[in-house]
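Here the structure comes first, spelled out in structure tokens, and everything after it is commentary.
Chains as they are written, first to last, in UniProt numbering: chain A, 1 to 397; chain B, 1 to 397.
Right, dumping it as structure tokens:
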């Protein structure tokens, strides 16, 4: 028998996308579905992105250099300087979205069977990339009731074994919206240094912070050797379809390893590297604008949830997600109900069951993730429908 | 000590790119370098590619669906129909270039420590992708003296162990330019079926064949379950910077595995998927034109090499590469000489030492790969310079 690899079999289908058939069926019945399930921004990117791409005038469309088109890499360096992070071009490699940066980071630090610590709940694609690279993710559970605070160092230390190679920190966090500050990062770095671990810090949502200033772990001097930053242009410029991110580190050995992977896959897309140059060089106006917008939405979602009986959540400080604990036994069943049985005036809401953002079995079963990627008006309506849907679901049970 | 992973350390830097500093130094001395080292086509892509991308008028640049934009996938299906291959959309996943298709194929069939058979010389990036996926490549040596003919089944069978999961066939071949016909593919498929192996068939250069008609392994009924095709828009449309390829198979389990990897990385670039739709739907005019051009170049390179004393090569039948055995002990030293010491009327030639296209130590040491990515006039001049350089190098030794 021809069989696929074990690692392929261990990956579960994306939690975000597996309800698509139910959603399509609802739409075919004429039900409008408010989509709060995917982190695909509804906001348009700066027009300059398209304008720059359209100005591309070379007759050929050759490979970009594997370490990136030099003006594009310089633009990332200029971008980081705004956050008081000094990087040379050799410290940055543009990647095919943040996704490739995650995969490359795991491959650079860990061999098959090695362990990497993650704080759950976490962005579910890490599980697939860990499976692809045969790396074992070791979860440390954070809890909504505790505002997703990091555990004490002693608690974290219990998870470190001889096989541990790195700690992953997604900050600002997808899916919880938590933002850890310099002090918390300092304590993770101290632990990493004590145990010779890398810190893979996913800063995809860097600027989307509502009460703090944007920060990068690369600003912390002690992180110089251990930190690897996963970055992306997708969210801060509302351009996930451009498939441009980067991986950055001040550790020369890590950069040498990453460059080998980058050379194997030849290059990140040429047109989008050009298109993003002016955006990276002059990012703050746009990111401030969208952050103000997401903050308004955060307030809408958070206050609506506060009014729903039995719902527990904490006010997210960044990104555009929120984890809410519902008074249900199985949020997957609730999501199915919302798409298949419920509608209010021919409208319903799609959210993501949170279980797949956890590694530990049973956790997140009564939680959902809400991505606030609709404008305030629609979001208010969607939250009202969610409230009605939840009430009807609880009545039925 | 913080150290990078073993798998990163096993990858050697790309053979194609490691002479770049020497090349730049030559150019800084005012020496014109004819570049026959990288498979980056000098020919422009169809204008329709840029025109279509420029017509993109949506305000947003969202993720494409992980299994591809449906019109783009349909365009691949229409493209394959021209070669009498019937595929449903579910049999095709667009990838970020052929590179991602290679990585996904290895991950879908093999776990760490599993073995995959390759015919050497072969496209060197496979080594890096094998290292990244912790898969062991097992080489079967083909020889220029034997016109890179495949070995008898019994010979090949000696390499098959309990850990063997697949056979890789790059057809038309990079770097040798060999094209294996239906009969040869049939015998590989028979062997694969006998031993429960997959056949990963890299058909990046499908149409660039000079004496045969373009063919795909997917046309062979016996390949239905075992074949996985790695494909790319990069060479046939002279658009490697678009980073679009695909992976195709009639095996539903393989497609399910590949889709999981595709979902983890979210999507291939949106704009380029749109841009390639009209090219895929109507490909043959352009590919016939460039193939005629490459054929002329093949003739120029091949006949020039025939006139160089001590050089052995066979007439390539496809792609735009050729492996030539030189009367030198170390082709790497020769390439360095051409870039650092030699010039003829302030011009020189850059080719790729072939050793890195082999796994077996010592093989290819006296061979080079020539990529004929210059027009006929320049190519004639470059071959003349190569001849003079080789003569001077041999004299010096």
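Glycine included, C-beta positions come from ideal geometry on N, C-alpha and C. Here the structure is a predicted model, which is why all the values come from computation and not from measurement.
Of the other Cβ atoms in all chains shown, fewer than 16 fall within 10 Å of the Cβ of residue 21 of chain B; this residue is therefore exposed. Counting along the chain, the unbroken beta strand (DSSP E) around residue 227 of chain A starts and ends at 227-232. Excluding residues up to 5 positions away in sequence, 344 lie with their Cβ nearer than 6 Å to the Cβ of residue 388 of chain A in the same chain. Sequence-distant partners of residue 255 of chain B (beyond 5 residues in either direction) whose C-beta falls short of 8 Å from its own C-beta, in its chain, are 90, 91, 93, 249. By the beta-carbon neighbour count (other beta carbons within 10 angstroms, threshold 16), residue 147 of chain A is exposed.
Bridge partners of residue 369 of chain A according to DSSP: A:323, A:352. Shown here for residue 96 of chain B: same chain residues with a beta carbon closer than 8 Å to its own, the five before and five after excluded, namely 243, 244, 245, 265, 268, 269 in chain order. With respect to chain B, the C-beta atom of residue 177 of chain A has no partner C-beta closer than 8 Å. The Cβ atoms of residue 369 of chain B and residue 355 of chain B lie no closer than 8 Å to each other. With contacts defined as CB atoms closer than 8 Å, residue 225 of chain B and residue 181 of chain B fail to qualify as a contacting pair.
Annotation for residue 166 of chain A: the continuous beta strand (DSSP E) segment containing it runs 164-170. Non-local C-beta neighbours of residue 178 of chain A in its own chain, meaning closer than 6 Å and more than five positions away in sequence, comprise 148, ordered along the chain.
Residue 132 of chain B has its alpha-carbon roughly 35 Å from the corresponding atom of residue 373 of chain A. Looking at the backbone, the Cα of residue 310 of chain B and that of residue 290 of chain B are separated by about 31 Å.
Residue state for residue 4 of chain A is assigned as coil, using DSSP reduced to three classes.
Here DSSP, grouped into helix, strand and coil, assigns residue 56 of chain B to coil. Contact holds between the region 48-62 of chain A and the region 51-68 of chain B, because three or more Cβ pairs, one in each stretch, are under 8 Å apart. Taking a C-beta distance under 8 Å as the contact criterion, residue 164 of chain B and residue 137 of chain B do not qualify as a contact pair. Just measuring C-alpha positions, the residue of A:257, A:293, A:305, A:383 sitting nearest residue 13 of chain B is A:257. Under DSSP, residue 32 of chain B forms a beta bridge with B:347.
Sequence-distant partners of residue 371 of chain A (beyond 5 residues in either direction) whose C-beta falls short of 7 Å from its own C-beta, in its chain, are 36, 37, 38, 39, 320, 321.
Inter-residue distance for residue 187 of chain A and residue 273 of chain A is about 35 Å (C-alpha atoms, whole angstroms). Taking every protein chain shown into account, the CB of residue 331 of chain A has 16 or more other CB atoms within 10 angstroms, so this residue is buried.
Rounded to whole angstroms, the gap between the alpha carbons of residue 296 of chain A and residue 30 of chain A is 30 Å.
Residues of chain B with a Cβ closer than 7 Å to the Cβ of residue 270 of chain A are, in chain order, 241. Residue 67 of chain B counts as buried, since at least 16 other C-beta atoms from the protein chains shown sit within 10 angstroms of its C-beta. Residue 248 of chain B carries a strand assignment under DSSP once its states are collapsed to helix, strand and coil. Listed along chain B, the residues sitting closer than 8 Å to residue 109 of chain A by beta-carbon distance are 4, 5. In this structure, residue 48 of chain A sits near residue 278 of chain A, with a CB-CB distance shorter than 8 Å. For residue 219 of chain B and residue 313 of chain B, the gap between their C-alpha atoms comes out near 31 Å. Put simply, the backbone Cα of residue 184 of chain B is about 17 Å away from that of residue 316 of chain B. One Cα belongs to residue 206 of chain A, the other to residue 287 of chain B, and the distance between them is close to 45 Å.
Burial state of residue 275 of chain B is buried, judged by a 10 Å Cβ sphere holding 16 or more other Cβ atoms.
Only those residues of the region 116-139 of chain A whose C-beta falls short of 7 Å from the nearest C-beta of chain B are listed: 125, 128, 129, 132, 134.
Not one beta carbon of chain B lies nearer than 8 Å to the beta carbon of residue 245 of chain A.
Shown here, residue 86 of chain B sits in coil according to DSSP, grouped into three states, outside any helix or strand.
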